[in-house]
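The numbering of the sequence shown is the numbering used here, which starts it at 94 and goes up by one. One structure is given below, encoded as structure tokens.
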Amino acid sequence: MIQKLADMNYLDDAEFAKLYIKTQMKTTTKGKGKIERELVEKGITRELITDTVPLYSEDLQLENATKEARKIARRGKKNVTKKF
Numbered sequence: 094m095i096q097k098l099a100d101m102n103y104l105d106d107a108e109f110a111k112l113y114i115k116t117q118m119k120t121t122t123k124g125k126g127k128i129e130r131e132l133v134e135k136g137i138t139r140e141l142i143t144d145t146v147p148l149y150s151e152d153l154q155l156e157n158a159t160k161e162a163r164k165i166a167r168r169g170k171k172n173v174t175k176k177f
């Protein structure tokens, strides 16, 4: 069974890492470091991570960080108004 999956390229760590990074870039505001840690937790080698993380451009990282900062700032405003 495992050989069949390997033959079908379903057990390709490099392809998985690329697809995982692309999905996280499009669907979350996670930073590069968090995505790297998640890949390590999933058993992807540091070498593969180093090769695939450049897919996450600095421009997109900045855009996602800005979105996350705005979201946190909105939460902070809600907490301040509730206290008074």
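All residues carry an ideal CB built from backbone N, CA and C; glycine is no exception. Model, not experiment: these values are computed from the prediction.
Return the residue from the list the options that minimises the CA-CA distance to residue i.
{"i": "Gly126", "options": "Ala99, Met101, Ala158, Leu104", "result": "Ala158"}
{"i": "Glu145", "options": "Lys111, Ile137, Met94, Thr138", "result": "Correcting the residue type first, residue 145 is Thr in the shown sequence and not Glu. Here the closest residue by C-alpha is Lys111."}
Drop a sphere of 10 angstroms on the beta-carbon of residue i, count the other beta-carbons inside from all chains shown, and report buried for 16 or more, exposed for fewer.
{"i": "Tyr103", "result": "exposed"}
{"i": "Lys119", "result": "exposed"}
{"i": "Glu140", "result": "exposed"}
{"i": "Lys123", "result": "buried"}
{"i": "Glu129", "result": "buried"}
{"i": "Ile114", "result": "buried"}
{"i": "Leu155", "result": "exposed"}
Can you grab the Cα-Cα spacing for the pair residue i / residue j, in whole Å?
{"i": "Glu170", "j": "Asp106", "result": "Reading the sequence as shown, one finds Lys at residue 170 and not Glu. In a straight line, the C-alpha of Lys170 is about 42 Å away from that of Asp106."}
{"i": "Glu108", "j": "Lys164", "result": "32 Å"}
{"i": "Ile137", "j": "Thr121", "result": "20 Å"}
{"i": "Leu153", "j": "Gln117", "result": "11 Å"}
{"i": "Pro147", "j": "Ala99", "result": "26 Å"}
{"i": "Arg167", "j": "Glu134", "result": "31 Å"}
Following the continuous alpha helix (DSSP H) through residue i, name the residue where it begins and the one where it ends.
{"i": "Asp144", "result": "139-145"}
{"i": "Glu126", "result": "One detail in the question is off: residue 126 reads as Gly in this sequence, not Glu. From DSSP, the alpha helix (DSSP H) with Gly126 extends over 125-134."}
{"i": "Thr116", "result": "106-120"}
{"i": "Leu98", "result": "95-100"}
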